[in-house]
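Some notes on the structure that comes next.
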Amino acid sequence: MKNSIAESMAFFASEEFDARYQYDGKDLGAGCTDESTVFKVWSPLAERIELRLYRDGTSGEIWRRKEMKAGPKGVWELEFRENLHGMYYDYLVRIGGKDTPTADPYAVGCNCNGGRSMVVDLRKTDPPGFAQDRAPEAAEESIIYELHIKDFSYDPESGVPECYRGKYKAFTVSGTGEEYPTCVEYLKKLGITHVHLLPFFDYGSVDEAGDEKQFNWGYDPVNYNVPEGSYATDVSDGTVRIRECKEMIQALHENGIRVIMDVVYNHTHSNDSWLQRMVPDYYYRYQEDGSLANGSACGNDIAAGRAMVDNYIADSVMYWAKEYHMDGFRFDLMGLLTVELMNRIRRELDEAFGPGEKMLYGEPWSADDSPMEDGTRAAQKENAGYLNEGIGIFSDDTRDAIKGSVFYAGEPGFVNGAQGMEASILQAVTGWKDGGACFMPKSCGQIINYVSAHDNFTLWDKLVLSMHGEKADFDRRYEDVLAANKLAAFIYFTCQGNLFLQAGEEFARTKQGEDNSYCSTPELNMLQWHRTVEYGELVEYYRGLVSLRKQLPGLCDKSPSANRRIMDGKIHGDGVVSFRVDNKASRPSRWEELFIIYNASPEEHAIGLPGHVEPAAGKSVLSEKGRTQDDIWEVLADGNETDCRKKTGITGNRVRVAAGSGMLLGRPGPEGARTGE
Ligand code: CA
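For the sequence shown, our numbering gives the first residue as -15, with consecutive numbering after it.
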């Protein structure tokens, strides 16, 4: 076994293999038009391949069977002079004299649970108006809201009709919640710009024929180019999931929100995948002892770096972007993929849709080591310098500096009592462009700032655990936790880079201390909409930060020199830092300078305001032009309010910053002062 795997690996990695078999055509799968249906598969080791057609998704009766024709580059082909839309199919692949049935890895449709592929004339799956569907204009800032489709509307208080709860269709329901908006109405009010949806390509951990009580995050792909069936209202017809998924995206676009897809190209649900059945061992990495590599901690690693693996992944991304109008992609365990592949995907998206139009970012790490192909670089954090500037990485440095380790519940960060974090926090402000992390980003555009995501504790649970211990009550309203939550949000919303939050972070979402809820009940995972009222003050705080952030070009700037806008970083004492931001911009901006203070200490601090005009010799700032600093600076946000315009806390030349809170001040420029905005 060891030798044969080693030989296979050497053969697959050889130039000879690529020269003979690398196929760059974009027509693999079942292409279906009015006149014809063309089946094409890539299977260079096969001795014979038979196509089997079925009239439906479940019966065992084969309607027609026909042998495929072998062509160049290991591609097998079969053409029918008819439109076979709605037919189901699979293949019988003979390798080493043994016939193995398999669905089509390039399929765009499938039956219930995905074991049989479906021929789909894709134009027939477009909801009305889909051809005219366009993403909303790009906003001044990307504020990404991470959401699971079932979490979104499973709660009976979601305001969504029961038949649509937990489904794609929930996103198409308007007017939800009335006085206290829920679902899409709520997202619109919150002001986020992007929804990032946890995996919704067809995954294997939920029985699509089973009941609604099942739950999984969905990081276990089966059919990469087909939407998951358990989010559709009907799985008996494979076109329904496609149409309803498109309706979801269309509805979000109509409501001004862009859509990002969480993609999992690093491993498959089963080692016995369609990829494996079609070309045994080609798509996976193996250890020297012949065992499957497991850098994903999910049983296998896809062999990114091989020509046809990279083609498969890049083609799949392009398919979702074109066919479903996806606006961006979040790569799960991107560290298992390669820098070369990620840069290629960036390039192909830019060529097809315009530079930067589609967002790309990922987790710049893996769960464990994985044997990479020779001559490739892992898309890990330390290789960020090799990644295109338009590929973002989650900043675990920012996350952990603000609220502590994700692995140790009790370990605090800056906002919940850690000592000596001041310098790190100031480095986080420029997206680590000024150094301090183990890598050097090209610009803060490469940084995704966040403090909570689906993995690990919710922010609320982490703060409760670290501030009140293991026996804490997650449903209790702890005022100190609420303050720490606000300060954590205040900090990352005033860091340069992209902003990302887990759905519900803004209403103290709790999973009762469960840090890995991937297969917990839907009740534990779902967004509990009553909390948006119960913690309405926190929601308002976030809503103000979202609104305010879009008005601060000095923080939104993603250019490589944006870090130069951050000036005079100062540590005033334990847990107290401040800095100034050059907020001048080509677009209208009321404030030409910002002054930002983070006070995580248990005491109020009075901080000197920066002088407006350099005083002439012998003159004090206070007497300059007869104005004092309290005439000049406006408080835009403090520990309780955001997007406010007030003078609270400013006395003469100093501003008082309450214990455990932040303060953001703006100095209007001549234009802003004149217009009064
Ligand atoms: Ca599925």
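Backbone N, C-alpha and C define an ideal beta-carbon position, used for all residues, glycine too. None of the values given here were measured: they were computed from a predicted structure.
Write down every uninterrupted run of the alpha helix (DSSP H) in the segment 450 to 497 whose length is 4 residues or greater and which is fully enclosed by it, in chain order. 463 to 476
Assuming Ala642 contacts Glu588 under a Cβ cut-off of 8 Å, what Cβ separation, rounded to an integer in Å, is found between them? Taking the first residue of the sequence shown as 1, we reach residue 642 at position 658. Taking the first residue of the sequence shown as 1, we reach residue 588 at position 604. Between Glu588 and Ala642 the Cβ distance is about 5 Å, and since that is below 8 Å, they are a contact.
Rounded to a whole number of angstroms, what is the C-alpha to C-alpha distance between Val224 and Leu29? Start at 1 with the first residue of the sequence shown, and residue 224 comes out as number 240. Start at 1 with the first residue of the sequence shown, and residue 29 comes out as number 45. In a straight line, the C-alpha of Val224 is about 35 Å away from that of Leu29.
What do you reckon, is the C-beta of Glu212 under 8 Å from a heavy atom of ligand 1? As a working note, residue 212 is residue 228 in the sequence shown. At least one heavy atom of ligand 1 is nearer than 8 Å to the Cβ of Glu212, so yes.
Where does Arg314 land, buried or exposed, given buried means 16+ other C-beta within 10 angstroms? The residue you call residue 314 lines up with position 330 of the sequence shown. Arg314 comes out buried.
Let me confirm a value: Ile432 is counted as buried when at least 16 other C-beta atoms fall within 10 Å, else exposed. Which label applies? Here residue 432 is taken as the residue at index 448 of the sequence shown, counted from 1. The residue is buried, with at least 16 neighbouring Cβ atoms inside 10 Å.
Taking DSSP's pairing of strands, which residues face Asn583 in a bridge? Translated into the one-based positions of the sequence shown, residue 583 becomes position 599. Paired residue(s): Val560 and Ser645.
Where Phe184 sits in the DSSP three-state scheme: As a working mapping, residue 184 is identified with position 200 in the sequence shown. Three-state DSSP puts Phe184 in coil, outside helix and strand.
Can you find a heavy atom of ligand 1 that lies under 8 Å from the Cβ of Glu524? Within the sequence shown, residue 524 is the residue found at index 540, counting from 1. For ligand 1, not one heavy atom lies less than 8 Å from the Cβ of Glu524.
Indicate whether the contact test is met: 3 or more Cβ pairs, each with one atom in the segment 304 to 320 and one in the segment 329 to 349, closer than 8 Å. yes
Report the rounded CA-to-CA distance for Gly557 versus Tyr519, giving the unit in angstroms. Position 573 of the sequence shown holds residue 557. Position 535 of the sequence shown holds residue 519. Cα-Cα distance, rounded: 32 Å.
Leaving aside the five residues before and after Tyr303 along the sequence, list all residues of the same chain whose C-beta is less than 7 Å from its C-beta, in chain order. One-based indexing of the sequence shown puts residue 303 at position 319. Within the same chain, Tyr303 has close Cβ partners Asn209.
Just to confirm, are Asp381 and Trp349 a CB contact at a threshold of 9 Å? Taking the sequence shown and counting its residues from 1, the one referred to as residue 381 is at position 397. Taking the sequence shown and counting its residues from 1, the one referred to as residue 349 is at position 365. Their beta carbons are not under 9 Å apart, which means Asp381 does not touch Trp349 by this criterion.
Based on the DSSP secondary-structure assignment, which residues constitute the bridge partners of Asp566? In the sequence shown, residue 566 corresponds to position 582, counting from 1. Bridge pairing for Asp566: Glu577 [DSSP].
Answer with buried or exposed for Thr177, where buried requires no fewer than 16 other C-beta atoms within 10 angstroms of its C-beta. Residue 177 sits at position 193 when you count from the first residue of the sequence shown. Under this definition Thr177 is a buried residue.
Given the structure, does Gly98 come close to ligand 1, in the sense that its CB is under 8 Å from one of the ligand's heavy atoms? In the sequence shown, the residue the question calls residue 98 occupies position 114. Yes, Cβ of Gly98 sits closer than 8 Å to a heavy atom of ligand 1.
Determine the direct distance from the alpha carbon of Gly143 to that of Glu169, and round the result to whole angstroms. Residue numbering aside, residue 169 sits at position 185 when the sequence shown is read from its first letter. Residue numbering aside, residue 143 sits at position 159 when the sequence shown is read from its first letter. One C-alpha to the other measures close to 10 Å.
Taking just the CA atoms, how far does Gly419 sit from Gln411? Mapped onto the sequence shown, residue 411 falls at position 427. Mapped onto the sequence shown, residue 419 falls at position 435. Cα to Cα, Gln411 sits roughly 7 Å from Gly419.
State buried or exposed for Phe477, treating a residue as buried only when at least 16 other CB atoms are found within 10 Å of its CB. Position 493 of the sequence shown, counted from the first residue, corresponds to residue 477. Answer is buried; the Cβ neighbour count reaches 16.
Does the beta-carbon distance from Tyr462 to Arg383 come in below 9 Å? Sequence index remark: in the sequence shown, residue 462 carries index 478 (1-based). Sequence index remark: in the sequence shown, residue 383 carries index 399 (1-based). Annotated as distal: Tyr462 and Arg383, with beta-carbon spacing of 9 Å or more.
Span of the beta strand (DSSP E) around Asn200: The sequence position of residue 200 within the sequence shown is 216, counting from 1. Asn200 -> no beta strand (DSSP E), and no H or E assigned at all.
State the Cα-Cα distance for the pair Cys628 and Asp464, rounded to the nearest angstrom. Counting from 1 along the sequence shown, the entry for residue 628 is found at position 644. Counting from 1 along the sequence shown, the entry for residue 464 is found at position 480. One C-alpha to the other measures close to 22 Å.
Boundaries (first-last residue) of the alpha helix (DSSP H) holding Ala407: Start at 1 with the first residue of the sequence shown, and residue 407 comes out as number 423. Run containing Ala407: Glu406 to Val413, per the alpha helix (DSSP H) assignment.
Measuring alpha carbon to alpha carbon, tell me which residue in Asp204, Leu174, Tyr203 and Ala216 is nearest Gly194. Taking the first residue of the sequence shown as 1, we reach residue 194 at position 210. If we check each option's Cα against that of Gly194, Ala216 comes out closest.
Boundaries (first-last residue) of the beta strand (DSSP E) holding Arg361: Taking the first residue of the sequence shown as position 1, residue 361 is located at position 377. Element bounds for Arg361: n/a, residue is neither H nor E.
Check Phe423 in the structure and name its three-state DSSP category. On the sequence shown, residue 423 is found 439 positions in, with the first residue counted as 1. Three-state result, Phe423: coil.
With respect to the alpha helix (DSSP H) encompassing Phe724, which residues constitute its N-terminal and C-terminal limits? Residue 724 falls outside the range modelled here, since the chain spans only -15 to 661, and no answer is possible.
Range covered by the beta strand (DSSP E) that runs through Gly592: Reading the sequence shown from its first residue, position 608 is the one you call residue 592. Segment His589 to Gly592, the beta strand (DSSP E) holding Gly592.
As assigned by DSSP and simplified to three states, the class of Gly602: Locating residue 602 in the sequence shown gives position 618, where the first residue counts as 1. Any reading at Gly602 needs caution, since the residue's pLDDT is 46, under 50, leaving its predicted position unreliable; the model's value is listed next. Three-state DSSP puts Gly602 in coil, outside helix and strand.
Spatial neighbours of Gln496 in its chain, beta-carbon cut-off 7 Å, leaving aside the 5 residues before and after: Along the sequence shown, one-based indexing puts residue 496 at 512. If we look at Gln496 and ignore the five residues flanking it on each side, its Cβ neighbours are Phe458 and Leu508.
How many Å lie between Leu106 and Phe579 at the Cα? For the purposes of this step, residue 106 is identified with residue 122 of the sequence shown, where counting begins at 1. For the purposes of this step, residue 579 is identified with residue 595 of the sequence shown, where counting begins at 1. Between Leu106 and Phe579, the C-alpha separation is close to 53 Å.
Ligand 1 and Glu196: does the residue's C-beta get closer than 8 Å to at least one heavy atom of that ligand? To locate residue 196, count along the sequence shown from 1; it is residue 212. False, no ligand heavy atom lies under 8 Å from that Cβ.
Contacts around Thr166, its chain only, beta-carbon distance under 6 Å, and the 5 residues preceding and following it disregarded: To locate residue 166, count along the sequence shown from 1; it is residue 182. Ser142, Gly143, Thr160 and Trp513.
Does the segment 106 to 120 touch the segment 470 to 490, meaning 3 or more C-beta pairs lie closer than 8 Å? no
Do three or more CB pairs link the segment 91 to 103 to the segment 69 to 78 at distances below 8 Å? yes
What's the gap between the Cα of Gly335 and the Cα of Ala305? As a first step, residue 335 must be located in the sequence shown, where it is residue number 351. As a first step, residue 305 must be located in the sequence shown, where it is residue number 321. For clarity, residue 335 is Glu in the given sequence; the question names Gly instead. Taking the straight line joining both Cα atoms gives about 12 Å.
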